[in-house]
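K.L.:
Taking our numbering, I'd label the letters of the sequence shown as residues 671 to 869.
C-beta: ideal position from N, C-alpha, C; glycine also.
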Amino acid sequence: SAAPDGGARREDLEAFFALAAAWGDSRPSATVGDFLRYVDKSRERSKDSSSAAGRGVRIMTVHASKGLEFPVVILAGLGKRANIDWKKSPLQLHRDAGAGFMKRDSSGLTERTTLCREYAMELLEREQLSEELRVLYVAMTRAREQLIMVASFQNAQKKLVEVEEENVGGISSEYCRRAPSFGEWIAAAVACGAEKSID
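This is the structure:
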C-alpha cells in the first residue's frame, strides 16, 4: 500500500485473492496446479490486459521466471518434499555408472539391491539435489525488494529445534539428502545462522 500506486496494487491483489477463494470453494478437491491451469486459460480467453498494465500478480514456475526480476516474490509450497519415488525402481540408469539392477535369489521369491544399482542411485541423487539447489537459488534471486517464503510444518518451533540439533557446526550434505524439501533446507539455514558454513 505504501508503494507507488499502492492503492491500485492492493485492489488487484485483493481481487486475485477473492478469485482464488471463490474458485477454490467451488472445487474443494482441486489442486494448486488446477488453479494455475484455470488462470492460464482465463488469460488466453481475455487478452484485454489494459487494467493491469505495469502492475498485477503473475503466477509462474521457477523455471519460467529465470532471467526475470520482480519487486516482490512469494515462494509458496516450500514444505513439499521432493519426489523420490524413482528410487523404488528396480532399474537405475546413469550415463556414467551404467545400469544397476535388483538381484533375484535362486528361488525367485526375494530381490535385493546390487552395488551397481546403489552406485547409479547415489550419482542420480547427487545430481538431483544439485539441480534442486540451483532451482532454489534462481527462485530466491528473482526479488528486487522483498522475498516472502512460505513453508508449512506440523510444529514449526519443534522443527527448528530438531534441525538446529542435527546441524551443529553447519548444514551437512547428509541432512540435505535426508530432508529433500526447500523448506527444510531454509529452516536449517535459519536454525544454524548465516555465519555457519555449509559443507
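(1) Name the DSSP beta bridge partners of D744, please?
(2) Could you tell me which residues DSSP puts in a beta bridge with F771?
(3) Does the Cβ of R787 have 16 or more other Cβ atoms within 10 Å, making it buried, or fewer, making it exposed?
(4) Alpha carbons only, please: which of L794, F740, E815 and R814 is nearest the one belonging to D766?
(5) Can you tell me whether DSSP reads E788 as helix, strand or coil?
(6) Answer yes or no: do T780 and F771 have a C-beta to C-beta separation smaller than 8 angstroms?
(7) Quick check on A672: does DSSP put it in helix, strand or coil?
(8) Look at the alpha carbon of S696 and the alpha carbon of L689, and state the distance between them as a whole number of angstroms.
(9) What residue from D710, L817, S777 and K750 has the CA that sits closest to E802's CA?
(10) To which residues does DSSP link E781 through a beta bridge?
(11) Under a Cβ-count criterion, where at least 16 other Cβ atoms within 10 Å of its own Cβ denotes burial, should E684 be classed as buried or exposed?
(12) By DSSP's criteria, A685 is part of a beta bridge. Which residues make up the other side?
(13) Is it buried or exposed for V831, if we count other Cβ within 10 angstroms and need 16 for buried?
(14) Which residues in the same chain as F740 place their Cβ atom closer than 8 angstroms to its Cβ, once the five residues preceding and following it in sequence are excluded?
(15) Between E835, E844, E854 and A752, which has its C-alpha nearest F823's C-alpha?
(16) According to the Cβ coordinates, are N837 and A861 closer than 8 angstroms?
(17) Can you look up A752 in the DSSP assignment and give me helix, strand or coil?
(18) Tell me where the alpha helix (DSSP H) around F853 begins and ends.
(19) What separation, rounded to the nearest whole angstrom, lies between the Cα atoms of G768 and V805?
(20) So, M819 versus L706, is the Cβ gap smaller than 8 angstroms?
(21) By the DSSP assignment, the alpha helix (DSSP H) with V831 in it spans what residues?
P.N.:
To lay it out plainly:
(1) What sits at residue 744 in the sequence shown is Ile, not Asp. The partner list for I744 (beta bridge, DSSP) reads I818.
(2) Beta-bridge pairing links F771 to L761.
(3) With 16 or more Cβ atoms within 10 Å of its Cβ, R787 is classed as buried.
(4) In this structure, L794 is the residue among L794, F740, E815 and R814 with its C-alpha nearest to the C-alpha of D766.
(5) In this structure, E788 counts as helix in the three-state DSSP scheme.
(6) No, these two residues do not count as a Cβ contact at 8 angstroms.
(7) Coil, per DSSP.
(8) One C-alpha to the other measures close to 11 angstroms.
(9) When each option's Cα is compared against that of E802, the closest is K750.
(10) Beta-bridge partners assigned by DSSP to E781: R774.
(11) Taking all protein chains in view, the Cβ of E684 is surrounded by fewer than 16 other Cβ atoms within 10 Å, so the residue is classified as exposed.
(12) According to DSSP, which records beta bridges pairwise, A685 is partnered with nothing at all.
(13) Exposed, by the Cβ-count rule.
(14) If we look at F740 and ignore the five residues flanking it on each side, its Cβ neighbours are R728, R812, A813 and R814.
(15) Relative to F823, the option among E835, E844, E854 and A752 whose CA is nearest is E854.
(16) Yes, they are a contact pair.
(17) The three-state reading of DSSP puts A752 in coil, since its state is none of H, G, I, E or B.
(18) Inspection of the sequence shows that residue 853 is occupied by Gly rather than by Phe. From DSSP, the alpha helix (DSSP H) with G853 extends over F852 to C862.
(19) Spanning the two alpha carbons is a distance of roughly 26 angstroms.
(20) Not closer than 8 angstroms, so no.
(21) Element bounds for V831: A826 to E836.
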